[in-house]
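Here the protein sequences line up with chains A and B, keeping their order. Read left to right, the first sequence gives residues 1 to 312 (UniProt numbering). Read left to right, the second sequence gives residues 1 to 312 (UniProt numbering). Heads up, the beta-carbon is just placed ideally off N, CA and C, and yes, glycines get one too. Notes to accompany the following structure.
2 protein chains.
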Amino acid sequence: MTVLILTCHQDVTTDMVVAKLHERGVPLVRLDPADLPGEAGLSAEYVSGDFHCYLSADGRMVSSKSLRSIWVRRPGEPAAHAPEPSRWLSAETGQALYGALCSTTARWMNHPRQADQARLKPWQLRFAHRSGFAVPPTVITTFPRVAEQFAGQYGKVVVKSLSGPPRGEPAIALPTALVEPGTDFAGVGGGPTLLQRYVPKRADIRLTCVGGRMFAARKVSASGQVDGRYGDTGHAWEPAVVPDRIARAVHDYTGLAGLAYAAFDFAEDAEDVWWFLECNQGGQFGFVELETGQPIAEAVASWLAQEPRGPA
Amino acid sequence: MTVLILTCHQDVTTDMVVAKLHERGVPLVRLDPADLPGEAGLSAEYVSGDFHCYLSADGRMVSSKSLRSIWVRRPGEPAAHAPEPSRWLSAETGQALYGALCSTTARWMNHPRQADQARLKPWQLRFAHRSGFAVPPTVITTFPRVAEQFAGQYGKVVVKSLSGPPRGEPAIALPTALVEPGTDFAGVGGGPTLLQRYVPKRADIRLTCVGGRMFAARKVSASGQVDGRYGDTGHAWEPAVVPDRIARAVHDYTGLAGLAYAAFDFAEDAEDVWWFLECNQGGQFGFVELETGQPIAEAVASWLAQEPRGPA
């Protein structure tokens with residue numbers, strides 16, 4: 001039984017997991033959907049009620065029946081490397097690939113449907129609260145007056161993107177930023193804006209959950225730093241113990257969301273409360289593993305290596 | 001309790017349902033996501049565990065708590081009518097709108113997650129078979145030789161798009177077409193191609209399922225016509241009786257797919273077999289209702305008018 005990894009070519013995090021799968025002797029195929037069709041090929045047949053699908057990639061041919069698991073790591077846009085790429089060709093190719101893969105019995109980390117839901121930040125905030133996390137007061141609005149009132153009520157607020165940085169070249173970073181006092185909120189009318197009460201934090205927490213196994217890491221904040229993902233704080237990521245209350249909430253959240261993999265970001269305040277900031281269903285873990293030595297790649301490999309469930 | 005209809009401005013089918021909702025005295029708001037932000041506005045607040053969201057559209061303000069149902073009819077791309085539209089603004093706006101709506105307790109026709117899955121044609125073929133429909137032998141492939149063998153084996157085959165016509169102006173129709181004998185299949189390497197055994201048909205069948213209620217319509221085919229959706233056959237759509245076997249399969253398929261609304265296309269052959277061609281989760285019904293007099297708009301309105309379930 002083979003593990004299918006959907007990711008782009010330069011992906012060091014995948015290399016870490018691939019090494020662990022090789023150690024276990026688990027066969028795997030690495031496929032960038034951008035190479036389909038071209039470097040990679042696909043055939044799915046529906047004849048007399050039988051479904052048979054095979055993929056060619058990585059110089060190998062693999063039957064969908066022999067897929068034990070599918071890791072959606074960092075896949076390229078389908079058909080992006082075609083000689084004449086177009087949105088329509090990407091749509092056709094994406095339908096063919098993901099449609100065929102969704103018809104298999106393989107286990108997903110994460111299933112595209114669950115991933116789509118889990119990406120929605122308003123959904124995250126709502127279900128984080130329901131799962132028992134502490135969530136800072138937040139507003140998402142297109143009304144300048146609502147933004148103004150919210151900022152007035154909470155004093156220090158941050159603004160962040162809902163959907164992450166814009167795609168494209170050159171890559172743009174969009175760090176979470178403090179809203180300056182006296183800000184003019186008229187621009188809120190031009191695009192939905194997410195404002196959140198600022199959490200004065202002692203440390204950033206990254207908790208990675210892999211099929212129920214949790215790895216928490218903590219990095220002491222530099223004073224005045226708002227977004228711990230960018231810039232150097234002079235401190236390193238260190239392993240942290242997961243409080244019981246957080247473990248229960250992570251368990252509930254990943255269950256509700258149907259996620260085999262999830263990377264949670266928290267802000268730890270002076271009272272040791274871990275405030276839920278976001279849950280990235282496809283978040284990086286390489287940097288944490290390198291600094292803490294936590295065996296996250298091993299946990300991913302171990303999850304992917306399990307045999308599939310019965311017929312879907 | 002209000003019905004929310006997500007659709008573009010020119011949409012006669014929506015007008016038919018709106019008229020029925022008005023007759024029942026059910027309040028409704030019509031919103032084109034393309035008008036957000038601008039004509040329409042949104043605010044979602046997450047404070048002390050409470051979630052409160054309101055939408056302004058259509059000159060009205062509606063709270064998400066008062067939404068009984070959401071009909072995803074033919075929504076525009078979020079923020080498409082903004083003064084400076086961009087893919088990023090659309091992503092941010094789509095996250096805000098659908099993220100907030102997915103956190104409500106409203107009933108969906110159809111939920112975006114279920115709709116995404118149901119659009120995947122390979123998924124359709126697989127689950128149509130599992131639900132008990134007769135499905136013509138089909139192949140989706142990027143390998144010219146596989147296409148050639150398939151065509152050789154079945155003699156008469158048709159080719160169709162996986163994802164529908166390309167978006168954009170001018171609108172392009174992509175009718176299902178017969179593959180000519182001696183076709184060169186080299187082009188299959190350039191994009192995944194769907195080939196299906198041709199079903200010599202006596203009639204086209206359109207079956208519309210609305211929350212379990214089924215409306216079947218039948219149109220006698222013009223001789224030699226391949227795609228009944230385009231062109232005049234000289235025959236009109238007429239109401240048809242749904243065979244028990246088909247009713248059971250429709251019930252199972254819509255259950256598996258989680259669809260409150262679904263439009264099935266079948267080809268009826270000389271032995272009265274209804275061959276599953278596709279299931280469009282957002283398929284039109286206006287043309288069927290106009291020709292057959294079947295009360296489909298009334299069924300949609302009736303489903304939308306039901307009170308929501310308990311808290312999600």
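If you reduce the DSSP assignment to three classes, tell me which class residue i lands in.
i, result
"V12 of chain B", "helix"
"T208 of chain B", "strand"
"H52 of chain B", "strand"
"V179 of chain B", "coil"
"A312 of chain A", "Here the model assigns A312 of chain A a pLDDT of 46, short of 50, so the residue's position is not dependable and the matter cannot be decided."
"V26 of chain B", "coil"
"P239 of chain B", "strand"
"K121 of chain A", "helix"
"V17 of chain B", "helix"
"K160 of chain B", "strand"
"S90 of chain A", "helix"
"F185 of chain B", "coil"
"T254 of chain A", "helix"
"R167 of chain A", "coil"
"L304 of chain A", "helix"
"E148 of chain A", "helix"
"T104 of chain B", "coil"
"E84 of chain A", "coil"
Considering only DSSP beta bridges, list what residue i is partnered with.
i, result
"F287 of chain A", "Its beta-bridge partners do not exist; DSSP assigns none."
"N280 of chain B", "B:A263"
"G41 of chain B", "B:S56"
"A34 of chain B", "Per DSSP, none; premise fails for A34 of chain B."
"V220 of chain A", "A:A203"
"W71 of chain A", "A:I5 and A:M109"
"W274 of chain B", "B:E268"
"A134 of chain A", "A:W275"
"I140 of chain B", "A:A44 and B:L194"
"R213 of chain B", "B:V210"
"S63 of chain B", "B:Y54"
Can you check whether the CB of residue j is closer than 8 Å to the CB of residue i?
i, j, result
"T141 of chain B", "T176 of chain B", "no"
"E291 of chain A", "A236 of chain A", "yes"
"D58 of chain A", "V29 of chain A", "yes"
"F127 of chain A", "S43 of chain B", "no"
"E307 of chain B", "R113 of chain B", "no"
"V250 of chain A", "F266 of chain A", "no"
"S131 of chain B", "D252 of chain B", "yes"
"V210 of chain B", "A299 of chain B", "yes"
"A247 of chain B", "I205 of chain B", "no"
"Q117 of chain A", "K160 of chain A", "no"
"G94 of chain B", "A34 of chain B", "no"
"V17 of chain B", "A301 of chain B", "yes"
"P166 of chain B", "W88 of chain A", "yes"
For residue i, which of the options has the nearest alpha-carbon?
i, options, result
"T183 of chain B", "B:H251, B:Y253 and B:V158", "B:V158"
"A270 of chain A", "A:N280, A:S221, A:S86 and A:G286", "A:S221"
"C8 of chain A", "A:W237, A:L277, A:V273 and A:A80", "A:A80"
"P136 of chain A", "A:G59, A:E238 and A:K201", "A:K201"
"A216 of chain B", "B:P78, B:L125 and B:E289", "B:E289"
"T208 of chain A", "A:A96, A:L101, A:Q294 and A:D15", "A:Q294"
"Q149 of chain A", "A:F185, A:G190, A:E268 and A:R119", "A:F185"
"F276 of chain B", "B:L101, B:T104, B:Y198 and B:V179", "B:Y198"
Would you say residue i faces chain A, with C-beta separation under 8 Å as the test?
i, result
"W88 of chain B", "yes"
"G189 of chain B", "yes"
"I5 of chain B", "no"
"S131 of chain B", "no"
"Q95 of chain B", "yes"
"V226 of chain B", "no"
"Q117 of chain B", "yes"
"I140 of chain B", "yes"
"E45 of chain B", "yes"
"R113 of chain B", "yes"
"P37 of chain B", "yes"
If you measure from the CB of residue i, is any heavy atom of the ligand COA nearer than 7 Å?
i, result
"D272 of chain B", "The ligand COA is absent from the structure shown, which contains no ligands of any kind."
At the 8 Å Cβ level, is residue i part of the contact set with chain B, yes or no?
i, result
"P122 of chain A", "yes"
"R30 of chain A", "no"
"C279 of chain A", "no"
"T292 of chain A", "no"
"Q91 of chain A", "Checking the displayed sequence, the identity of residue 91 of chain A turns out to be Ala instead of Gln. It does; some Cβ of chain B falls within 8 Å."
"D49 of chain A", "The sequence shown places Gly at residue 49 of chain A, not Asp. Closer than 8 Å to some Cβ of chain B, the Cβ of G49 of chain A qualifies, so yes."
"R126 of chain A", "yes"
"R60 of chain A", "no"
Using a cut-off of 8 Å between C-beta atoms, extract the partners of residue i located in chain D.
i, result
"Q149 of chain B", "Of the protein chains in the structure, A and B, none is chain D."
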